Every structure is written in structure tokens, then in C-alpha cells.
Ligand code: PHE
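In my numbering, the protein residues as written are 17 to 501.
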């Protein structure tokens, strides 16, 4: 299991706590030293150090060091003196003159004798002379205490090379040249050091298990916030008695605009606003009858009592293919198909607009849209319904005021107040479909319609101030979005 590195969140065993406390008093101890200070067995220290290492609280440092110690000959010399010292003392005892072969028979082995004589001659405190066919050794000076002797006297137990003084180092080099006196070995020592985390982690007294520690984060698969919000919106519509309808993303200009009484010279229809699919045309966007009825509504109002737009309607423009600019295209096709006397339907889907992408405008986004058809529905019903709808989403302060759409009369715009940003945010447009829209479709009862962007609502929900963020796939954010805000 991966352990969260949150500083206070790492559970610590009693042994770990003891060791951390010891190291905080003195960092860089070895296992035995820690064991002694914490009064725990060394193999327990080792085990706990392994845990602390995986938690990133301590590190191990292996320190290699040269250690010197006396060998047998060296130990002998530390008890009885170096050969040169014994030679010197022997000469003094004998009044400063002995025969050479007496030295090897009485005090020194022949190896020791040759070393001692070599040194003594080199430092000129003896003289070797032949007299009457015998070789004699004469003492000619004093042998004051030597650096080698001094070093040996400090070596009753092994010493780290790094503790030698300069003088001792020179003595060591010369002693090391003489066989059997000293030995250098390399020792490895493991020291435990606290990491930054180990220095700062909170060591709580008492309980071995910290039940208040935050648990490790588990990132399971989950829906994108936009998708789960869409699901939530659908739930709300369904709970208010609505049924979902769906339709294609690609539509003829007829359904996206003409059937919605949008004049053929309306700016929204220009390529600067709408994506047209180049070189594509639908064979026939609707039945010839419907096309005729829509044509006359546009031209002079037809049978609706309206005066229409007063231009020559061009049928060719209706078969152009567009990426739908609003979900109202889906709504109006539903009305044409079903000609309902009563209905409550909604749709949620993607729409496209040829706009500059900014913090509040995207080229592709989503709309939610709904209609209520019935003989006695009024504008008050949509206002009530939308108030209820926003309320379910947790948005309590709503206001409405007059607006304009080519296909509704009267038309309203709704806004909700956002506490976090302390401002009113524009949401759904709505109204009652004009007779110029419903009559040609064969729908007799009034149709209340509303629709608006989904991303806006999602931004309010999650406190985002840039719509683009929803599509950036910032994993950190996606993982952290609360499931129940
Ligand atoms: N279609 C409108 C838009 O895209 C919203 C709307 C839907 C307005 C239904 C009135 C009725 O903004």
C-alpha cells in the first residue's frame, strides 16, 4: 500500500517513534548506538529502521574507514619494547659495549637484531667495530622515546586512521614497513540519518495507531464532472415529469433555422457564426407540404395572422448542412414528428458555434433544453418550473426579464445569483413558441420552451471562472472534485 506522505499522516509504530526521538537528540548513530540509547534490541532496531526507510523518514549511510591494529609482533613490542629499544637497554646494562653474537643469543632474534642494528646505525647511536677477530657493538648516544613507540602505546585497542595526528601518521607509515607489527583493515559502518520528513514528522505520544490520521488517497475511476452534472440534470428533469429526446448533431439549415422562423438573412446564419458542412446538401429537409407552409409563414405569415418577414423565401438555403447551433433544432423536429397536444420533454446535448474561444465562450459546448406543451400553460409555468429546476441544482436566487428570440413571443432571459463571485450569471433563454413556429408543424396548443448552456451551470457548481478549464483534463482537479458538493 502506498502511504500518503502528508507529514502528520504517517502511522508510526512505537519502536519507530522511539528511534526517531533518539535520532533527533543525536543524528547519525549506528544500529548498536541507537539500540543502546532507545533500550531496544539491535535486531528490533534494524527492523524498525527498514520501516522508517520505506516511509522516507530515515536514510542509511555506509561509512568506510581504515582501522589500524597491532599484530602479534606489535603486541610483543608494546609489552617489551621495540627491538631497537631492547638493543639500547641491553647495551646500557652492559656498560655500552657487547659482542655482536651476544645480542642474538641473549635479547633479540636474528631478524629483530638486524632491524634494530640497521636503525641504530642509521641514527648513529651505535658503532660496530672489529677487535681481535670479534665484532663488538658500542653505544654512542641516547635513544630518546621514538614516535613509533609512542604510537604503539596508543594501540592497545584498534584506532581509526582518521584519528591519527600527523606525527602519528608518519610513525605509522614507518611501522607498517616493518613486517608483523600493524595491520590496516577497512571497516564499514552503517549510520542512520534523519531525512527532512524524519526531522519534522509529528511524533504523537501514546497510542500506537493514530486513528485521526488522514487515510491514504485512493483514486478510483470516475465520471468527468461535466458528465456527472449532465446525469444530475437528467435526473432532475425526469423527477419533474419530463422525458428525454435526442437528435443528430448535424442538421439541415431548415430545422436549425427556418422551422424556427429565423429569417434567412439573420446574422446567426452567417458562416461567421455557424459551421456549415462544405459541399453537402440534404435531398429534402422536410415534406413538400411542410416546406410550403414554412415558406408562406416566412413570406407573409401564411395562415397565422402574422405578416411574416416579407421577403422571398429561398428553399435552396434550407438544404444546407450545419453543425447544430442549439438543441432547439431537436425540439422542433420532435414537435413536427409527434404534433403533441400535451408533452413534457427535454434534451441535453452538444452544440457548435463559430465563436472565438474565451473564458466564457467555447466552440463546442452543451445545452439543456426543455418544452412543455399543453392547452393551459402560461409563461408563469416556465418561470416556476425553471425556478424549481435551479433550486434542485442548489441555485436559490433567480430572476427573469424580457429578451428576444426569433421563435418565441414573449421571450425571457433568466439569471441566477452566484454567491462565490457575487454576481448575476445569465442562464437559460425561454419563451412561448410563436404561432409562426408551431402552426406550420401542426401543433395547436401553446409550447413553452427554454434552453441554455450547461457549462455555465457546471462552472457555478464547481466555482470555476474559465469554461476552458473543463476541457483541460487537469488530473489533479478531476480527482479532487467532490462527489457531493
Ligand atoms: N435556443 C436558445 C439559445 O440557444 C435558447 C432558447 C431555447 C430560447 C428555447 C427560447 C426558447 O440560446
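Cβ coordinates follow ideal geometry from the N, Cα and C atoms, glycine included.
Note that the structure is a prediction, hence the values are computed from the model and not measured.
Residue 398 is not a Cβ neighbour of residue 359, given a cutoff of 8 Å. The ligand PHE has a heavy atom closer than 7 Å to the beta-carbon of residue 383.
Counting the other CB atoms within 10 Å of its CB gives residue 26 a total of 16 or more, which places it among the buried residues.
Rounded to the nearest whole angstrom, the C-alpha separation of residue 236 and residue 288 is 43 Å. The bridge partners DSSP lists for residue 487 come to none.
Look at residue 421: its beta carbon is less than 7 Å from one of the heavy atoms in the ligand PHE. Under the Cβ criterion (8 Å, minimum of three pairs), the segment 304-316 counts as touching the segment 325-335. Relative to the ligand PHE, residue 282 has its C-beta separated by 7 Å or more from all heavy atoms. A residue is called buried when at least 16 other Cβ atoms come within 10 angstroms of its Cβ; residue 77 does not meet this threshold and is exposed. In the assembly as shown, residue 193 is an exposed residue. Its beta-carbon has fewer than 16 other beta-carbons within 10 Å. Note on geometry: alpha-carbon atoms of residue 242 and residue 474 lie some 7 Å from one another.
Between residue 342 and residue 364 a beta carbon distance of about 12 Å is seen, past the 8 Å cut, so the two are scored as non-contacting. Under the 10 Å beta carbon count, residue 176 is surrounded by fewer than 16 other beta carbons and is classified as exposed. Scanning 424, 413, 422 for the CA closest to the CA of residue 430 turns up 413. The three-state reading of DSSP puts residue 130 in helix, counting H, G and I together. Considered as a whole, the segment 175-220 harbours 198-210 as its complete beta strand (DSSP E) runs of no fewer than 3 residues, in chain order.
Residue 361 carries a strand assignment under DSSP once its states are collapsed to helix, strand and coil. The beta carbon of residue 416 is closer than 6 Å to those of 399, 428, 430 in its chain, skipping five residues each way along the sequence. Bridge partners of residue 417 according to DSSP: 429.
The Cβ atoms of residue 153 and residue 191 lie no closer than 8 Å to each other. By the criterion of at least three beta-carbon pairs nearer than 8 Å, the segment 268-276 is in contact with the segment 294-314. Cβ neighbours of residue 171 within its own chain (closer than 8 Å, five residues either side excluded): 84, 85, 86, 90, 94, 198.
Residue 180 and residue 160 have their C-alpha atoms roughly 21 Å apart. Set against 7 Å, the gap from the CB of residue 365 to the closest heavy atom of the ligand PHE is not smaller. Of 498, 470, 464, the smallest CA-CA separation from residue 356 is found for 464. Note that the segment 470-488 touches the segment 374-388; at least 3 beta-carbon pairs, one per stretch, sit closer than 8 Å. By the Cβ rule, the segment 201-215 counts as touching the segment 37-53, because three or more pairs are nearer than 8 Å.
Distances from the alpha-carbon of residue 101 to those of 133, 113, 118 put 133 closest. When only Cα atoms are considered, residue 259 and residue 361 end up about 5 Å apart.
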